[in-house]
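Numbering (the working numbering), first residue to last: 445 to 1195. To keep things clear, I will list the structure first and then write my remarks on it.
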C-alpha cells in the first residue's frame, strides 16, 4: 500500500497537484477497504498511462511521418524540376546546333534505351541533428561512396517516439543501388537511432498520404486530450484523499513495526512490551490501556508493571516553545545523561547575555527585537508553512533572538551606543569644557563639574582621544570577570552532579582541587580588578600576575593594592601547585584499591537464586561492568584530564577575551559606517548624494552589523557555552527519549 501511495505521489507531481491537508480529517475508511481501493486505482492509472503512452507514441510517429512526406517530397520535386529544365535546355541546344558534324558518341548516349538505365532505391526518415555528420560519414565509408545522401533541417525540435523527449532532427533520403547497399543503410540507420518511414515518389499518392496522416493526427489528438482530462480528474480525486490514506497507512505501518519488536510470554498467548515512559505519565498510560481494553472488547486486560532496569534510561526534558530552542542548543553538543544537571536552564540567561556583551548597541538591539517580534506574532501562519533553510532556522530560534535583542538593548544602554551615537538619556555628562569655546578639550582635556553619570558609560568619552584605551580596559576586565564567574558556575555544577550520583571521589579529588586551582589564579585576578576599580589605584595588574610566578617573594612596591597582598599571593601560588597533584594522583590509587577489595571478596552482592542471576547477567549488564580494570589506563585518563583542566583554565580565561574583541569590532564598524558613510554624505549638501549615503548606510548596517555580526556573536557565544562552560561538568553521553507518536511519524515523513 505504501508503494502504491508513492506511485500516486509521483502521478500527482506530474500533474502539479499537492495533497490537501484538510482531507486528513475526512471520513474514516477501513484498512481492508483502502487496500482494495488503492489496487483498483493503481490498475486504472497504469492502464491509462499505458494507453496514453501508446497513443502518444503513435501520434509522434505520425508527426515525423508527415515531416518526412513534406521534406522528402521537396527533394523529389526539386530534382524533377531540375531534370526537366536540363532536358529542355539540351533539346533546344540540340535543335539549334545539331548537324552532321556532331559527335557520334553524344548522340548515342542521348538515344540510349531508357529500359537499360539503372533504377535507384531510397530510404527516408529522420536522424538526430547531433549525429547527422557521423551518420553521413559512416554511410560514405561503408558503401565506399556508392550512395547519395540528401538532408533537410527541421526547424522546430521534434518529439522522439522512442525517447519521449524533444530532439532536433534532420529529414534524410539515402539513394542506393542494390540490396546489399540497402541492408547496410538499414543497419546504419538502426545504429544511429534514425527513425525510417516509407515514401513514394508519386506526387498524387504522396499528397493522398499526407491527407490521410493529417486526418489520423487530428483523431489521435482529440483522443489523447479526452484521455488526459480523464487522467487529470482521476489524479485530482486521489489528491483530495491522499493525505488521509497516507496517514492511515503510515500509522498502521508504524504499529506493525512496533508490534514486531514485542516478544511472547512463556504461554505464547500474550505479547510482552518493555519500554520507557516518564513517571508523571504512568497514571495516564494506565487509563489509556484500560480504555483500550474496553473499546476493543478484550477478554484479557492489559497489565502495566514497573520494572527496575539496570540500563541507563533515556533523557527527557519537558520544554515549551520558549525553552525548546535553548535546549536544542545544548543537545547539539550532546544529550544529557539521565538525571545529569541540565545546562539548558542556565543557558536561557547566560547565552543571550554573552551575545549581548559582544553586540552591545541598543539601536541594533531594537532592530533585532522588531524582527523577532514579527516572527513571534506570525508564528501560527509560519508554523504551518514550508520555509527556506535560513528562514526556518531564524523562525525556530525566534525566542532566542528576542532575548538576545533585549539583552543587547540593555548592554547597549550600558555602552551608551545607538548606531555608535551616544545620548544623555540618564542625565547630563559629568564632564564639561574648561571654557565656552572648548578649544582645549582635545589637548588639555575636560574637567569634572557634576556627579558621575548614573548609568553606563559617560557620553563624553565618545569621540575623545582616550575613548579607545578606556573602553578597551573596561571591556577586557569585564570579560575576565564574566568568564571566571561562568567557569566557577560550571565547576559548582560538577559538585551537584557528583553529590547526586553519590560519587565522593569526584567531590574530593576533582571539585575541590579544581576550585582551588582556578580561583587561586584567575579568581585572584578578578579580585584585583574589583579592588582596583573600587580604590582607583594605578597598579599594573600585568606586572602583578607575571611576577607572582617569576618572583613571588619580591616586594610589590607601588603595585600593592592592599596590606598582606604579597603573603596572600604566595599562599595562593602554593595552593595552585598543590591542587595539581591532588587532581592527578589520589583518584587512580583509590580506584585501584576498591577494585582489589572487590575481587578479594570483601564486597559481596546478595544472591537470590541461580536462575535469576543467570538471566540478569545475560540480559542486563551495567555500563562498564564487563570492562577489565586497567590501572595504567585509569592513570593516563586522569593525567589527560588534569593537564586539560590546568591548561584549559588559562586558555578558557583567555578565550573569554573574545567578548572584548567582538564588542570592540562591533562598535568600531558601527562608528565607521556612521562617520564615513552617513555623515560624509550629509556634508556634501546634495540631495542625490545624501539619498545614496542613506541607502548605503542602511544596507551596510543590515548586511554587516545585523546579519553577519549577529551570526558571528551567536557562534562565539555558542563556543563559550560548549567549550568553556559545559566541559567543566557536562558529559553529554546520554540519549533522547523517543516516544511512539503518530504526530512525529507524520512530521518526519513530511520533512
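Beta carbons are placed, not taken as given, at the ideal position from N, Cα and C, and that holds for glycine. As the structure is a computational prediction, the values presented were derived from the model and not from experiment.
request  = Taking the CB atoms as reference points, tell me whether residue 614 and residue 571 lie closer together than 7 Å.
outcome  = In this structure, residue 571 lies closer than 7 Å to residue 614 by Cβ.
May I ask which residues mark the beginning and end of the alpha helix (DSSP H) holding residue 840? Residues 833-840.
So does the segment 1103-1110 actually touch the segment 920-940, counting three or more Cβ pairs closer than 8 Å? Result yes; three or more Cβ-Cβ pairs closer than 8 Å.
Exercise for the section: Figure out for me which residue from 820, 1031, 931, 702 has the closest Cα to the Cα of residue 1099. Expected result: Per the Cα distances, 931.
Is the separation between the beta-carbon of residue 520 and that of residue 646 shorter than 7 Å? Going by C-beta atoms, residue 520 is not nearer than 7 Å to residue 646.
By alpha-carbon positions, which one of 1113, 473, 529, 839 ends up nearest to residue 863? It is 1113.
- Query: Three-state secondary structure (DSSP) at residue 569?
  - Reply: The answer is strand: DSSP assigns residue 569 an E or B state.
(message) Looking at the secondary structure, which residues open and close the beta strand (DSSP E) in which residue 595 lies?
(response) Here the beta strand (DSSP E) through residue 595 covers 592-597.
Task: The alpha helix (DSSP H) enclosing residue 639, as first and last residue numbers - done: Judged by DSSP secondary structure, residue 639 falls outside any alpha helix (DSSP H) and instead within the beta strand (DSSP E) spanning 639-641.
### Task
Could you check if residue 494 is buried or exposed, using at least 16 other CB atoms within 10 Å of its CB as the buried criterion?
If you draw a 10 Å sphere on the C-beta of residue 494, you find fewer than 16 other C-beta atoms in it, and that means exposed.
Q) For residue 1130, does the three-state DSSP call read helix, strand or coil? A) Three-state DSSP puts residue 1130 in coil, outside helix and strand.
message: Please state the DSSP three-state secondary structure of residue 810.
response: Assigned with DSSP and collapsed to three states, residue 810 falls in helix.
query: Exposed or buried, which one is residue 1228 when buried takes at least 16 other CB atoms within 10 Å?
result: Residue 1228 falls outside the range modelled here, since the chain spans only 445 to 1195, and no answer is possible.
For residue 740, does the three-state DSSP call read helix, strand or coil?
The DSSP-derived three-state label of residue 740 is coil.
Excluding sequence positions up to five away, which residues of its chain have a Cβ less than 7 Å from the Cβ of residue 791?
Only 770, 773, 774, 1165 meet the Cβ criterion.
* Considering residue 976, what are the terminal residues of the alpha helix (DSSP H) in which it resides? -> Here the alpha helix (DSSP H) through residue 976 covers 968-979.
Minimum C-alpha distance to residue 1175 - residue among 793, 1095, 942: Minimum Cα distance to residue 1175 is reached at 942.
Return the residue from the list 838, 565, 510, 1130 that minimises the CA-CA distance to residue 655.
Residue 655 has its Cα closest to that of 510, out of 838, 565, 510, 1130.
Which word fits residue 522, buried or exposed, when buried means at least 16 other C-beta atoms lie within 10 angstroms of its C-beta?
-> That one is exposed.
Could you tell me whether the segment 887-905 touches the segment 948-968, where touching means 3 or more Cβ pairs closer than 8 Å? Contact fails: fewer than three Cβ-Cβ distances are below 8 Å.
If I'm right that residue 777 touches residue 1181 with Cβ under 8 Å, what's the distance once you round it to whole angstroms? So it is not a contact: roughly 18 Å between Cβ atoms.
*Work out the CA separation of residue 1171 and residue 939 for me, nearest whole Å.*
It is roughly 13 Å from the alpha-carbon of residue 939 to the alpha-carbon of residue 1171.
Does the count of Cβ pairs from the segment 1018-1033 and the segment 957-974 closer than 8 Å reach three?
The segment 1018-1033 makes contact with the segment 957-974: 3 or more CB pairs, one atom from each, lie closer than 8 Å.
Do the CB positions of residue 569 and residue 639 come within less than 7 Å of each other? Contact flag set, yes.
What is the DSSP secondary structure of residue 875, reduced to helix, strand or coil? DSSP places residue 875 in the strand class (E or B) of the three-state scheme.
With H, G and I counted as helix, E and B as strand and the rest as coil, what does DSSP make of residue 752?
Correct three-state label for residue 752: coil.
Check your understanding: Helix or strand or just coil, what does DSSP make of residue 577?
Key -> Helix at residue 577.
Exercise for the section: Can you say whether residue 709 is buried or exposed, counting buried as having 16 or more other CB atoms within 10 angstroms of its CB? Expected result: A residue is called buried once 16 or more other Cβ atoms fall within 10 Å of its Cβ, and residue 709, having fewer, is exposed.
By alpha-carbon positions, which one of 718, 507, 1184, 514 ends up nearest to residue 649? Ranking 718, 507, 1184, 514 by Cα distance to residue 649 puts 514 first.
**Study point:** Sequence-distant residues of the same chain with beta carbon closer than 7 Å to residue 1199, five excluded per side
**Key:** For residue 1199 there is no data in the structure shown, the boundaries of the chain being 445 and 1195.
*asked:* Applying the 10 Å Cβ sphere with the 16-neighbour rule, what's the burial state of residue 808?
replied: Buried: at least 16 other Cβ atoms inside 10 Å.
Tell me the rounded alpha-carbon separation between residue 1016 and residue 1125.
Taking the straight line from one Cα to the other gives about 57 Å.
| task | Go to residue 906, then tell me how far its alpha helix (DSSP H) extends in each direction, as first and last residue. | result | Note, residue 906: premise wrong, no alpha helix (DSSP H); not H, not E.
- prompt: From this set, 1010, 1140, 1111, which residue's C-alpha is nearest residue 1123's C-alpha?
  reply: Comparing Cα-Cα distances from residue 1123 to each of 1010, 1140, 1111, the minimum goes to 1140.
task: List the whole-angstrom C-beta distance separating residue 661 from residue 503, where the pair is believed to meet the contact cut-off of C-beta under 8 Å.
output: With a Cβ gap of about 7 Å, residue 661 and residue 503 count as contacting.
State the DSSP-derived secondary structure class of residue 621, mapped to helix, strand or coil. Taken through DSSP and simplified to helix, strand or coil, residue 621 comes out as coil.
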